[in-house]
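Novice: Before anything else, here's the structure in question.
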């Protein structure tokens, strides 16, 4: 499936309730302004970008993450059943995770991103129940970014010792002894 | 009644923990496995990682793109050339550089030689893990020939750093083609020996058949890749699905086995030796003339965006994920290492088997610990 | 019946395996792939691209080609190279030019990646083929590559 | 019970002139014991060297060739090093059993050597239950392994020891039964008599098909008895590190190591005696020179030792359950049938005599 077809399909799953209210109100008002308002309000709760990446990027809100992932996996048209990369990213103000998915049936890819502004106690839903490989990858992210995962069976430090202080791959991590900044 | 109860209790088997590693001959490095065992039967395997974690991903965030390449040598050191190639391809794709055909062909040849070298070592170690110590030396003998080729052309045997963004550090050595052809002739007589010595051996077959079974569904769910996944019947060869360098110009078969057991994974690797040889044979006589390197800026700045490149290392699918903000360093660099995902399936594969089965299973996972720890 | 065929096939495969090792055993005199290392030092020659250490070739006039541009120092990922430089009047052109005082090379930190040699505009540094780098004292691994009183070869510009 | 002592007798006769007969008997025994101890601990070291060289030749290597001519003194140097090493052990080990174990293993190995007929005169003592005694004594060693593994307070060692127990109990049967097959032919357990019988053809020729099957089973079971690859479940270095002797160091480790090689020699020596006519030369070509018997004996034994080394450096290791499958499902039934066949052959007198 092409990226465009995927985008159309997936965007229908999570309609933006605000958009419907707005569009209804638009109907009552003049129809000319409709297009303008549509641009400002996303019809879906998901945000799509394809800029600067060969994959289709989907940005999802944390509360919809697990539902979206589940649908992406079980839907026969998407059937993205192979999670090949799970990356934790520190975007400065936000912490987030990037999921790279591939379909072993259709051989198309999608990238799902999720972000949170909560840097003290970032929490997302675990996708361990969908892809068992996520168990290790999520532990790695927990280890280096301090992102918690709900419903993870065994969430503890994977690489570092349990008593390690801080999360090294965060941008604000400081270790004056061991880190050499160029 | 009570007496029989206590008697039964005294014969009740009890589970116990055992530490396999970080110094253990079968873990090939500093992997530590926490085993829960009932007698000889394995109940649970919990890997404990991080004994040689160097945080290469963090180091990449402060290095320039040329410098990153040499760090990847130290990840999966048995397929260092392919790791380098992955980073270079990512950078080149991001810069939209046109790479000369000569570079592509040479990269592919050396990549396949790397794969053969890695599989040779794996074969030797596989034999050693199941108890046949002699295979180790036979595997090393053939690997040594490839290492000599690498040393002559790249200057190093293991951590070659022959790739640079934009091409190759040097052109190939004048002896390169001759030596590779010699190796092909030599190695074609040696693979049948491998088969006679180990593959056909009845003890080896008993040790490996039906051991450490991973079904296709589980393989996909665990995100395994490379020979491990292909042994389970999941077709995932990156060289087929996303051909890079000169791999779109050659014909080769993707080796697939359906049993998903240790012997299937073993067979995939042995057959891959033949496929790699055939790829090299197709390319070695047709190295196009041309530049070995495209001039790049001294300071490489990637455009803003996200770049993902996957390649097939000897162990599976290596992903290089660069998030760039347009500066000379990557904002975030992630290596999706094949060994890490493959290791996550170990518990599933080993439970219910004996200690010997665990060792055989681990041998066919072909773990390289620096690749897992990064 | 499969019971007996199993046994015979089993024994056959075992004998095939033994024939392979037996063949190598009989040819062991000439087949040894190991090297008797310290004995063959005289005949042991590394390939000319072998990366053993970074050296700075000097010609017979004790002149090198390093202009002190520090590109290698920037290219090095590990801080292996430190160039201590000064400004001085060039004898030939009479201009005030940068020139090296000490080219310090920490072999203990070097990963042999080759970026410094790749980036050098004047080919002042090269790979040396010496691989016997072990020393008893770590300080011996810190080397000054330019020889004492050496100077820049005439006509070398970066 | 009729005990005939050969070299012991000669020494005793010398001593009788100096002291009373009973004292001479004891002293003669001590002297013989010391001689055997001296010869075979050195011979064991050379066996280790042989193994290392042979392994190297199988593996495209050169092997130890630095200490002495062609490395002849290498294992001596190693032994010297091991003697001078510190004896370390685990903290909470059962000290008494831990220290006792290596002696069990080495003594049982050395004890059995006394029965081996190197040549007609060179046999320390020749009892009428010779083979029975050999089997009994050589299996005492497993107690040492069990003790060592258990007392080490190490889980790897414990697993190794338990495997050793399972293995030896199983394979003891096959060793016994395959030797029993041959005893049907000889009708005697006494080693000297068995050798005498073979003057009219080695037993492996006399008993033809069942004897060859018995020999194959004996070699397989014997390899398993000595805990060598492909039956080295006890050590299994890729699984258990070093198995039962993980926690031993220095000379105690050397005892285990030496015992393994003496046991290997022993298994080969028994096979030589029972199947290949011990010190008898092929077709009696050197019958007139009796001292050449030792040479013939050693040649035959070392060939069998080489066969065991060949096994070791070629085959992968079996898994613990496959080890038992091999014994109980293959070796034992075949062995039992083989005994019946041999009995039939002896009954019908189908023996091949030269």
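Residue numbers (my numbering), protein chains in the order written: chain A, 1 to 182; chain Y, 1001 to 1374; chain D, 2001 to 2158; chain V, 3001 to 3354. Even glycine gets a Cβ: it sits at the ideal position worked out from N, Cα and C. Computed from a predicted structure; not experimentally measured.
Spatial neighbours of residue 1220 of chain Y within its chain, please: CB distance less than 7 Å, with the 5 preceding and 5 following residues excluded, ordered by chain position.
Specialist: Position 220 of the second chain, counted from the first residue, corresponds to residue 1220 of chain Y. 1234.
Novice: If we call anything under 8 Å between Cβ atoms a contact, is residue 3163 of chain V one with residue 3105 of chain V?
Specialist: Along the fourth chain, read from residue 1 onward, the residue named residue 3163 of chain V stands at position 163. Along the fourth chain, read from residue 1 onward, the residue named residue 3105 of chain V stands at position 105. No; because the gap between Cβ atoms is not below 8 Å, this pair is not in contact.
Novice: Counting beta carbon pairs with one atom in the segment 3228-3247 of chain V and one in the segment 3136-3152 of chain V, are three or more of them shorter than 8 Å?
Specialist: Yes: the two stretches touch, three or more of their Cβ pairs being nearer than 8 Å.
Novice: Starting from residue 1047 of chain Y and walking both ways along the beta strand (DSSP E), at which residues does that stretch end?
Specialist: Here residue 1047 of chain Y corresponds to residue number 47 of the second chain, with the count starting at 1. First-last of the beta strand (DSSP E) with residue 1047 of chain Y: 1041-1048.
Novice: So, is residue 3252 of chain V buried or exposed, given that buried needs 16 or more other C-beta atoms within 10 angstroms?
Specialist: The count along the fourth chain starts at 1 and reaches residue 3252 of chain V at position 252. Residue 3252 of chain V comes out buried.
Novice: With H, G and I counted as helix, E and B as strand and the rest as coil, what does DSSP make of residue 2048 of chain D?
Specialist: Taking the first residue of the third chain as 1, we reach residue 2048 of chain D at position 48. Assigned with DSSP and collapsed to three states, residue 2048 of chain D falls in coil, not helix or strand.
Novice: Residue range of the beta strand (DSSP E) that residue 1067 of chain Y falls in?
Specialist: Taking the second chain and counting its residues from 1, one reaches residue 1067 of chain Y at position 67. It is not in any beta strand (DSSP E) - residue 1067 of chain Y instead sits in the alpha helix (DSSP H) that spans 1065-1073.
Novice: Taking buried to mean at least 16 other C-beta atoms within 10 Å of its own C-beta, is residue 92 of chain A buried or exposed?
Specialist: Working through the first chain from its first residue, we reach residue 92 of chain A at position 92. Result: exposed.
Novice: Between residue 173 of chain A and the rest of its own chain, which residues show a CB-CB distance below 7 Å, the 5 nearest in sequence each way excluded?
Specialist: In the first chain, counting from the first residue as 1, residue 173 of chain A sits at position 173. Taken in chain order, the residues that qualify are 166 and 167.
Novice: Report all residues from its chain with a CB closer than 8 Å to the CB of residue 1013 of chain Y; omit the five preceding and five following residues, and keep chain order.
Specialist: Taking the second chain and counting its residues from 1, the one referred to as residue 1013 of chain Y is at position 13. Cβ neighbours of residue 1013 of chain Y beyond the five flanking positions: 1038 and 1039.
Novice: Would you report the Cα separation of residue 1118 of chain Y and residue 1297 of chain Y, rounded to the nearest angstrom?
Specialist: Residue numbering aside, residue 1118 of chain Y sits at position 118 when the second chain is read from its first letter. Residue numbering aside, residue 1297 of chain Y sits at position 297 when the second chain is read from its first letter. Distance between the alpha carbons of residue 1118 of chain Y and residue 1297 of chain Y is about 34 Å.
Novice: Drop a sphere of 10 angstroms on the beta-carbon of residue 2003 of chain D, count the other beta-carbons inside from all chains shown, and report buried for 16 or more, exposed for fewer.
Specialist: Taking the third chain and counting its residues from 1, the one referred to as residue 2003 of chain D is at position 3. Classification for residue 2003 of chain D: exposed.
Novice: From this set, Y:1016, Y:1304 and Y:1020, which residue's C-alpha is nearest residue 3237 of chain V's C-alpha?
Specialist: Your numbering for residue 3237 of chain V matches position 237 in the fourth chain. The shortest Cα separation from residue 3237 of chain V among Y:1016, Y:1304 and Y:1020 belongs to Y:1020.
Novice: One question on the structure: do residue 2066 of chain D and residue 2122 of chain D come within less than 8 Å of each other, judged by their Cβ atoms?
Specialist: Position 66 of the third chain, counted from the start, is the residue given in the question as residue 2066 of chain D. Position 122 of the third chain, counted from the start, is the residue given in the question as residue 2122 of chain D. Judged by beta-carbon spacing, residue 2122 of chain D lies within the 8 Å limit of residue 2066 of chain D, meaning their Cβ atoms are closer than that value.
Novice: Check whether the Cβ atoms of residue 3223 of chain V and residue 3308 of chain V lie closer than 8 Å to each other.
Specialist: Indexing the fourth chain from 1 puts residue 3223 of chain V at position 223. Indexing the fourth chain from 1 puts residue 3308 of chain V at position 308. Result yes, Cβ atoms of residue 3223 of chain V and residue 3308 of chain V sit closer than 8 Å.
Novice: Considering only the alpha carbon of each residue, which of V:3264, V:3165, V:3211 and V:3170 lies closest to residue 3306 of chain V?
Specialist: On the fourth chain, residue 3306 of chain V is found 306 positions in, with the first residue counted as 1. It is V:3264 whose Cα lies nearest to the Cα of residue 3306 of chain V.
Novice: Counting only Cβ pairs nearer than 9 Å, list the residues of chain Y close to residue 168 of chain A.
Specialist: If you number the first chain from 1, residue 168 of chain A lands on position 168. In chain order: 1055 and 1058.
Novice: Quick one: which unbroken alpha helix (DSSP H) runs of 4-plus residues sit fully inside the segment 3057-3086 of chain V? Chain order, please.
Specialist: 3074-3084
Novice: Pick out the complete alpha helix (DSSP H) segments inside the segment 3093-3139 of chain V, 4 residues or longer, and give them in chain order.
Specialist: 3095-3113 and 3130-3138
Novice: If I measure Cβ to Cβ from residue 35 of chain A and keep anything under 8 Å in the same chain, skipping five residues before and after, which residues do I get?
Specialist: Here residue 35 of chain A refers to the residue found at position 35 when the first chain is read from its first residue. At residue 35 of chain A the pLDDT is 46, less than 50, meaning the model places this residue with poor confidence and gives no usable figure here.
Novice: Between which two residues does the alpha helix (DSSP H) containing residue 3347 of chain V stretch?
Specialist: Along the fourth chain, one-based indexing puts residue 3347 of chain V at 347. Segment 3332-3348, the alpha helix (DSSP H) holding residue 3347 of chain V.
Novice: Figure out for me which residue from D:2126, D:2046, D:2106 and D:2056 has the closest Cα to the Cα of residue 2152 of chain D.
Specialist: Along the third chain, one-based indexing puts residue 2152 of chain D at 152. Considering only alpha carbons, the answer is D:2056.
Novice: Nearest to residue 1213 of chain Y by CA position, among Y:1302, Y:1361 and Y:1308, is which residue?
Specialist: Numbered from 1 along the second chain, position 213 holds the residue referred to as residue 1213 of chain Y. Closest option to residue 1213 of chain Y, Cα to Cα, is Y:1361.
Novice: With 8 Å as the threshold, decide whether the Cβ of residue 3168 of chain V is near any Cβ in chain Y.
Specialist: Reading the fourth chain from its first residue, position 168 is the one you call residue 3168 of chain V. No, no contact with chain Y.
Novice: Candidates A:48, A:104, A:96 and A:111: which alpha carbon is nearest residue 186 of chain A's?
Specialist: The first residue shown for chain A is 1 and the last is 182, placing residue 186 of chain A beyond what the model contains.
Novice: Please go through the same chain and pick out, in chain order, the residues whose beta-carbon is closer than 7 Å to the beta-carbon of residue 2156 of chain D, but skip the five residues on each side of it.
Specialist: Residue mapping note: residue 2156 of chain D aligns to position 156 of the third chain, counting from 1. Within the same chain, residue 2156 of chain D has close Cβ partners 2065, 2067 and 2122.
Novice: When the distance is taken between beta carbons, is residue 1355 of chain Y closer than 8 Å to residue 3239 of chain V?
Specialist: The sequence position of residue 3239 of chain V within the fourth chain is 239, counting from 1. The sequence position of residue 1355 of chain Y within the second chain is 355, counting from 1. Yes, these two residues count as a Cβ contact at 8 Å.
Novice: Going by DSSP, name the residue or residues bridged to residue 1309 of chain Y.
Specialist: Along the second chain, one-based indexing puts residue 1309 of chain Y at 309. In the DSSP output, where bridge partners are listed per residue, residue 1309 of chain Y has Y:1320.
Novice: Between V:3249, V:3198 and V:3081, which has its C-alpha nearest residue 3089 of chain V's C-alpha?
Specialist: Translated into the one-based positions of the fourth chain, residue 3089 of chain V becomes position 89. Selected option, being the one with the closest Cα: V:3249.
Novice: In chain order, which beta strand (DSSP E) runs of at least 3 residues are fully inside the segment 2081-2130 of chain D?
Specialist: 2081-2089, 2096-2106 and 2126-2128
Novice: In angstroms with no decimal places, state the Cα-to-Cα distance between residue 95 of chain A and residue 2137 of chain D.
Specialist: Against the first chain, residue 95 of chain A aligns to sequence position 95. Against the third chain, residue 2137 of chain D aligns to sequence position 137. When rounded, the distance between both Cα atoms is 47 Å.
Novice: Please tell me whether residue 1186 of chain Y has its Cβ less than 8 Å away from any Cβ of chain V.
Specialist: As a first step, residue 1186 of chain Y is located in the second chain; it is residue number 186 there, counting from the start. So, not an interface residue.
Novice: What does DSSP give as the partner residue(s) for residue 98 of chain A in the beta ladder?
Specialist: Taking the first chain and counting its residues from 1, the one referred to as residue 98 of chain A is at position 98. Beta-bridge pairing links residue 98 of chain A to A:87 and A:113.
Novice: Count the other C-beta atoms from every protein chain shown that fall within 10 angstroms of the C-beta of residue 3074 of chain V, then say buried if there are 16 or more, exposed otherwise.
Specialist: Residue 3074 of chain V sits at position 74 when you count from the first residue of the fourth chain. It is buried - the Cβ of residue 3074 of chain V has at least 16 other Cβ atoms within 10 Å.
Novice: Taking 8 Å as the cut-off, decide whether the C-beta atoms of residue 1342 of chain Y and residue 1365 of chain Y are in contact.
Specialist: Residue numbering aside, residue 1342 of chain Y sits at position 342 when the second chain is read from its first letter. Residue numbering aside, residue 1365 of chain Y sits at position 365 when the second chain is read from its first letter. Yes, the pair counts as a contact, with Cβ atoms nearer than the cut-off.
Novice: Have a look at residue 2098 of chain D and residue 1295 of chain Y and give me their C-alpha separation to the nearest angstrom.
Specialist: Taking the first residue of the third chain as 1, we reach residue 2098 of chain D at position 98. Taking the first residue of the second chain as 1, we reach residue 1295 of chain Y at position 295. If you draw a straight line from the Cα of residue 2098 of chain D to the Cα of residue 1295 of chain Y, it comes to about 27 Å.
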